[in-house]
Amino acid sequence: MERDDALELLPPMYAVALRLADAGAEPRVIATAAGIEPESVPAFLEVARAKLREIVRR
Amino acid sequence: MGALDRRRPLWPLVGRDAELALLARALHDRGGAVVAGAPGVGKTRLLLEAEAFAIGHVERIVASRSAAALPLGAFAHLDAPPRAELLRRAGRERLLLVVDDAHALDPASAAVVHQLAAGEEAVILAAVRTREPAPDAIVALWKDELCQRIELQPLSRAEVAELLAAVLGGPVEAATAHALWDTSRGNAMFLRELVYSGLARRALAVRDGLWSWPPPRHVAPRLAELLADNLDELTDQERAVLEVLALGEPLDWETLGHLSSAEAAEGLVAKHLVETEHASNALRARLGHPLVGEVLLEAMPDPKRRRLLRSLADELQADDRELLRVVAWRTDAGIDEDPQRLVAAARACLHADLDLAERLARRAHERGAGFAAVDVLAQVHQFTHRPDATDVLLAEVDPASLAPNQRVRLVVTRANNLTWALARPDDAVALLESAAADDEDGSLELTAHAPPMLLFAGRVREAAEQAEQTIADPNRTAVHRLHAYLGLLPSLSAMGKPETSLARLPEAMALVPECADDLPIALGQLAAGATLAQQWVGQLDAAEALMQAAFDDGVARDVPLLRGGSALRLGQIALWRGKAQTAARLLREAMSALQRFDAGFLAWAAHTLRLAYALLGALDLADDAERTARRALVYPLYTSEVFRADAWTAAASGHLSRACEIAAEGAEWSRAHDHLVPVVWLSWDRARFGEPGPAAEVVVGVAHEVEGVLARLLAQATVALAADDGALLDETSVGFEEHGYLLFAAECARAAARRHAHTGLRAREAASDARADTLAAACEGATTPLLRRVGDATPLTRREHEIAGLAARGRSDAEIAAALGVSVRTVESHLHRVYAKLGVRSRRDLAGVVAS
Numbered sequence: 001m002e003r004d005d006a007l008e009l010l011p012p013m014y015a016v017a018l019r020l021a022d023a024g025a026e027p028r029v030i031a032t033a034a035g036i037e038p039e040s041v042p043a044f045l046e047v048a049r050a051k052l053r054e055i056v057r058r
Numbered sequence: 001m002g003a004l005d006r007r008r009p010l011w012p013l014v015g016r017d018a019e020l021a022l023l024a025r026a027l028h029d030r031g032g033a034v035v036a037g038a039p040g041v042g043k044t045r046l047l048l049e050a051e052a053f054a055i056g057h058v059e060r061i062v063a064s065r066s067a068a069a070l071p072l073g074a075f076a077h078l079d080a081p082p083r084a085e086l087l088r089r090a091g092r093e094r095l096l097l098v099v100d101d102a103h104a105l106d107p108a109s110a111a112v113v114h115q116l117a118a119g120e121e122a123v124i125l126a127a128v129r130t131r132e133p134a135p136d137a138i139v140a141l142w143k144d145e146l147c148q149r150i151e152l153q154p155l156s157r158a159e160v161a162e163l164l165a166a167v168l169g170g171p172v173e174a175a176t177a178h179a180l181w182d183t184s185r186g187n188a189m190f191l192r193e194l195v196y197s198g199l200a201r202r203a204l205a206v207r208d209g210l211w212s213w214p215p216p217r218h219v220a221p222r223l224a225e226l227l228a229d230n231l232d233e234l235t236d237q238e239r240a241v242l243e244v245l246a247l248g249e250p251l252d253w254e255t256l257g258h259l260s261s262a263e264a265a266e267g268l269v270a271k272h273l274v275e276t277e278h279a280s281n282a283l284r285a286r287l288g289h290p291l292v293g294e295v296l297l298e299a300m301p302d303p304k305r306r307r308l309l310r311s312l313a314d315e316l317q318a319d320d321r322e323l324l325r326v327v328a329w330r331t332d333a334g335i336d337e338d339p340q341r342l343v344a345a346a347r348a349c350l351h352a353d354l355d356l357a358e359r360l361a362r363r364a365h366e367r368g369a370g371f372a373a374v375d376v377l378a379q380v381h382q383f384t385h386r387p388d389a390t391d392v393l394l395a396e397v398d399p400a401s402l403a404p405n406q407r408v409r410l411v412v413t414r415a416n417n418l419t420w421a422l423a424r425p426d427d428a429v430a431l432l433e434s435a436a437a438d439d440e441d442g443s444l445e446l447t448a449h450a451p452p453m454l455l456f457a458g459r460v461r462e463a464a465e466q467a468e469q470t471i472a473d474p475n476r477t478a479v480h481r482l483h484a485y486l487g488l489l490p491s492l493s494a495m496g497k498p499e500t501s502l503a504r505l506p507e508a509m510a511l512v513p514e515c516a517d518d519l520p521i522a523l524g525q526l527a528a529g530a531t532l533a534q535q536w537v538g539q540l541d542a543a544e545a546l547m548q549a550a551f552d553d554g555v556a557r558d559v560p561l562l563r564g565g566s567a568l569r570l571g572q573i574a575l576w577r578g579k580a581q582t583a584a585r586l587l588r589e590a591m592s593a594l595q596r597f598d599a600g601f602l603a604w605a606a607h608t609l610r611l612a613y614a615l616l617g618a619l620d621l622a623d624d625a626e627r628t629a630r631r632a633l634v635y636p637l638y639t640s641e642v643f644r645a646d647a648w649t650a651a652a653s654g655h656l657s658r659a660c661e662i663a664a665e666g667a668e669w670s671r672a673h674d675h676l677v678p679v680v681w682l683s684w685d686r687a688r689f690g691e692p693g694p695a696a697e698v699v700v701g702v703a704h705e706v707e708g709v710l711a712r713l714l715a716q717a718t719v720a721l722a723a724d725d726g727a728l729l730d731e732t733s734v735g736f737e738e739h740g741y742l743l744f745a746a747e748c749a750r751a752a753a754r755r756h757a758h759t760g761l762r763a764r765e766a767a768s769d770a771r772a773d774t775l776a777a778a779c780e781g782a783t784t785p786l787l788r789r790v791g792d793a794t795p796l797t798r799r800e801h802e803i804a805g806l807a808a809r810g811r812s813d814a815e816i817a818a819a820l821g822v823s824v825r826t827v828e829s830h831l832h833r834v835y836a837k838l839g840v841r842s843r844r845d846l847a848g849v850v851a852s
């Protein structure tokens with residue numbers, strides 16, 4: 001499965017965060033867009049990437 | 001299939017591997033973790049799982065609003081000052097303090113938690129709700145980087161489907177899994193309540209081997225109470241916004257502002273109770289959670305509901321694109337809608353929402369819309385198998401009272417009823433032809449409907465000829481020509497011209513836009529027909545991609561015909577690939593959908609499912625599918641599939657000679673009816689059952705007339721088996737594999753290995769066998785007579801093998817004799833030789849040998 005297709009299958013806030021991260025957005029911007037605390041952005045992205053890998057693998 | 005045990009407190013943990021890995025690291029490398037998430041998303045469950053990573057002494061506290069009224073309320077159960085007491089209890093062990101609902105801690109209790117973390121005296125594992133204020137000391141846990149904050153999101157659609165299958169103990173219909181994901185929005189608590197509610201009402205149940213919950217799916221009572229409590233905290237303006245959306249979503253932002261308060265709506269977006277999306281340069285609003293809408297609607301008094309529906313209809317009345325919604329709202333509001341608008345709206349939703357179409361058409365009929373409403377209602381009855389209801393409706397119509405074009409339409413309606421509700425397409429065609437002979441002016445319109453009916457009657461050559469005449473006739477309309485293509489293209493494929501059919505598809509596609517009103521689902525019909533042709537020319541990937549997109553769309557919009565039709569095609573494609581279990585799953589999906597809306601495909605799906613089960617050796621399930629097929633309408637168009645299913649169930653029961661007979665009979669029927677593609681594959685089946693010689697003779701007679709790589713390879717494989725040509729079998733195996741037909745590739749490789757063994761070519765035998773093993777491993781347990789390994793072969797003749805198989809299944813000599821059409825004495829004599837060759841003395845021994 002292509003990455004773009006896989007992003008569509010993620011819970012929406014993970015997809016938002018990953019797209020912003022891909023675009024080089026600052027953690028604060030990602031946090032605001034995804035509705036999360038700025039301190040949790042790295043962990044949030046780590047979980048999002050793991051879930052994306054799992055979808056692509058399937 | 002195991003049902004859910006309500007006493008079991010925990011559901012399996014699904015989709016949280018990444019979060020758990022993060023938690024494990026935080027507990028090991030840092031001062032702990034704070035899990036943040038919405039209510040019901042699964043925070044408490046995650047804390048419970050994460051405790052398993054703890055090494056040392058665990059203490060748990062649960063904060064609550066009542067305890068928060070007291071300083072140190074969360075530690076009220078301790079007899080001594082909390083910090084000292086907790087450390088005393090831990091002794092020399094490492095202390096893990098688990099704090100659920102930490103946002104609700106009183107400031108003093110929160111300070112104790114912070115102190116333990118800051119002094120590195122305890123590892124903290126806490127849960128907090130997002131969008132609820134937490135005490136400063138708790139916020140400091142992640143702000144001061146003492147703990148890792150982990151944001152917990154809802155489950156994805158795939159995770160919900162996986163969880164449901166695990167919890168219910170069996171496969172779940174895709175539409176049901178999608179609906180439960182959509183309704184719960186991936187929230188584990190909501191999902192759990194919905195599932196228990198569905199089980200309690202027996203609405204969520206196993207149907208045709210799949211867990212399914214057909215609509216309507218009502219909100220679980222406990223869930224409704226929970227959501228209603230949250231909605232009580234809203235202002236009146238905010239509630240008004242949600243009520244308008246509950247009745248009318250999705251709505252343009254501007255419309256929502258006119259009907260309620262834009263400011264309140266903005267506030268609700270911030271609270272995630274309203275979602276926005278960009279569509280056609282406009283901002284569109286939806287409810288943040290569908291359950292909120294259901295709760296509001298259940299509590300809404302009828303006069304208020306009618307008033308809001310009227311306001312919505314008035315607001316969008318001028319927009320032609322909103323005809324369906326406006327008419328539906330006005331009807332629900334009790335307004336006397338114009339009968340012709342009711343008919344137009346009913347037509348607009350005929351293929352997407354049969355219930356609404358019927359409701360609107362029935363209202364139109366009551367309000368004197370006359371024949372136009374009867375026509376739509378008759379179509380609703382066709383798709384829901386109520387031909388008698390159509391007869392009652394049509395009996396009311398006096399042809400003399402109709403305009404000439406309506407009289408023509410009446411005949412077409414009768415013909416449609418005969419074809420799609422009674423599976424009598426021959427009678428329908430005769431009716432159209434007879435009416436056309438009596439009505440010169442209406443003859444063009446009447447005969448235009450014949451090609452698709454001829455197709456389903458299995459009269460493909462006539463369908464193609466009539467269609468070609470219509471297409472070439474300059475007096476015909478675009479709608480007539482599109483009808484013709486709907487009959488022509490699948491007919492060409494069946495006649496052995498799938499490549500020609502695909503090449504002519506663009507001609508038909510060009511007509512679709514201008515025929516959208518008369519033939520709204522023509523695009524889908526053409527696409528489904530095209531994928532059938534693609535399956536036969538080696539374009540499995542392209543066919544699968546097209547049908548997967550259609551299936552996903554059908555699931556997301558809950559359109560049973562689209563879902564069922566595309567699942568049928570996906571199941572067929574999986575079968576060509578040799579993926580027997582995937583095919584069975586998809587075909588069960590198809591049957592589940594088509595039982596709600598059948599346009600002639602249910603029996604097709606059921607017979608194809610029989611074939612998949614026969615390949616898997618699941619004869620009981622094949623029998624179940626046959627019972628469904630018997631109840632459904634069966635069309636001559638797919639007679640060859642019925643022959644194949646019959647042949648393969650006979651083969652799976654051990655009746656190989658009967659399987660050969662059925663395959664030969666099917667090929668003969670197909671040849672006589674110009675269905676040349678099935679002649680090729682039924683002959684290949686016959687060769688696989690053990691009669692390659694006669695099968696090859698049949699194939700050679702038609703192969704030159706059939707286009708496409710599949711037919712070429714099947715003919716080559718049949719001939720190679722008949723000639724016992726190991727090299728050609730190897731070559732054919734590679735050809736099948738290149739185009740994705742893996743089961744056939746495996747079978748050819750195995751047959752080649754057998755031939756190489758016979759001629760003493762040991763190295764080539766080993767290579768072909770290895771290939772066969774690898775390919776067969778991808779076929780999900782499908783078994784065929786050809787796949788048997790060389791070493792597995794017993795020194796029995798085919799007849800002896802067949803009788804041995806039946807005897808091993810416990811059949812008596814008399815039963816075997818009756819089944820095979822031979823005398824009991826012949827059976828006894830064969831069995832005597834079987835016992836001697838295998839060195840066994842009893843049926844029980846024989847069963848053991850056959851099973852091994």
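If you read the sequences in order, they're chains A and B. Residue 2 in the numbering used here is what sits at position 2 of the first sequence, and the numbering runs on without skipping anything. Residue 681 in the numbering used here is what sits at position 681 of the second sequence, and the numbering runs on without skipping anything. No residue lacks a Cβ here, since even glycine has one placed at the ideal position from N, Cα and C. Here the structure is a predicted model, which means the values were calculated and not measured.
Judged by DSSP in its simplified three-state form, T276 (chain B) adopts strand. Non-local beta-carbon contacts of F551 (chain B) in its own chain, meaning distances under 7 Å to residues more than five positions away in sequence, involve R563, S566, A567, L570 in chain order. The alpha-carbon separation between L20 (chain B) and A776 (chain B) amounts to approximately 37 Å.
The residues L729, D730, S733, S768, D769, R771, A772, L775, in chain order, have a CB closer than 8 Å to that of A749 (chain B) in the same chain once the five nearest residues on each side in sequence are set aside. Within the DSSP bridge table, the entry for D252 (chain B) names B:R284 as partners. L10 (chain A) has a beta carbon lying within less than 9 Å of a beta carbon in chain B. Here H673 (chain B) is not near E641 (chain B), since their CB atoms are 9 Å or more apart. When beta bridges are read from the DSSP output, D100 (chain B) appears opposite B:V62. In summary, N405 (chain B) is exposed, with fewer than 16 beta-carbon neighbours lying within 10 Å of its beta-carbon over all protein chains present. Residues of chain A whose Cβ lies closer than 7 Å to the Cβ of L22 (chain B) are, in chain order, A43, E46, V47. For Q469 (chain B), the uninterrupted alpha helix (DSSP H) run begins and ends at 460 to 472, by DSSP. Ranked by Cα distance from A177 (chain B), the options B:R557, B:Q379, B:L488 are led by B:R557. Apart from the 5 residues on each side of it in sequence, A574 (chain B) sits with its Cβ closer than 7 Å to the Cβ of T582, A583, L586 in its chain, given in chain order. The DSSP-derived three-state label of W211 (chain B) is strand. Q317 (chain B) carries a coil assignment under DSSP once its states are collapsed to helix, strand and coil.
In this structure, G198 (chain B) sits away from P171 (chain B), with a CB-CB distance that is not shorter than 9 Å. A contact between stretches requires three or more CB pairs, one per stretch, nearer than 8 Å, and the stretch 13 to 23 of chain A fails this requirement with the stretch 130 to 140 of chain B.
Using a Cβ distance threshold of 9 Å, V834 (chain B) and L846 (chain B) count as a contacting pair.
Below 8 Å, too few C-beta pairs join the stretch 28 to 36 of chain A and the stretch 110 to 118 of chain B to call them touching: fewer than three. Secondary structure of G496 (chain B) (DSSP, three-state): coil. Taken in chain order, the complete beta strand (DSSP E) segments of 3 or more residues contained in the stretch 333 to 380 of chain B number zero; there are none. For A25 (chain A), the nearest beta carbon of chain B is not closer than 9 Å to its own beta carbon. Where I36 (chain A) is concerned, there is no enclosing beta strand (DSSP E), because DSSP gives it neither an H nor an E. Within 8 Å of the CB of A21 (chain A), no CB atom of chain B is found; the nearest one sits about 14 Å away. Here the alpha carbons of L455 (chain B) and A766 (chain B) stand approximately 47 Å from one another. DSSP places V634 (chain B) outside any alpha helix (DSSP H), giving it a letter other than H or E.
Close partners of I55 (chain A) in chain B (Cβ separation under 9 Å): S156, A158. Within the stretch 25 to 40 of chain A, A34, G35, I36, E37, E39, S40 place their CB atoms closer than 9 Å to a CB of chain B, listed in sequence order. In this structure, the alpha-carbon of R149 (chain B) lies about 34 Å from that of G169 (chain B).
For T130 (chain B), the closest Cβ of chain A is nearer than 9 Å.
Residue range 32 to 37 is occupied by the beta strand (DSSP E) that includes A33 (chain B). For L729 (chain B), the enclosing alpha helix (DSSP H) covers residues 726 to 738.
Shown here, I55 (chain B) sits in coil according to DSSP, grouped into three states, outside any helix or strand.
Secondary structure note for I521 (chain B): it is in no alpha helix (DSSP H), with a DSSP letter that is neither H nor E. Taken through DSSP and simplified to helix, strand or coil, R92 (chain B) comes out as coil. Using a Cβ distance threshold of 9 Å, L96 (chain B) and V139 (chain B) do not count as a contacting pair.
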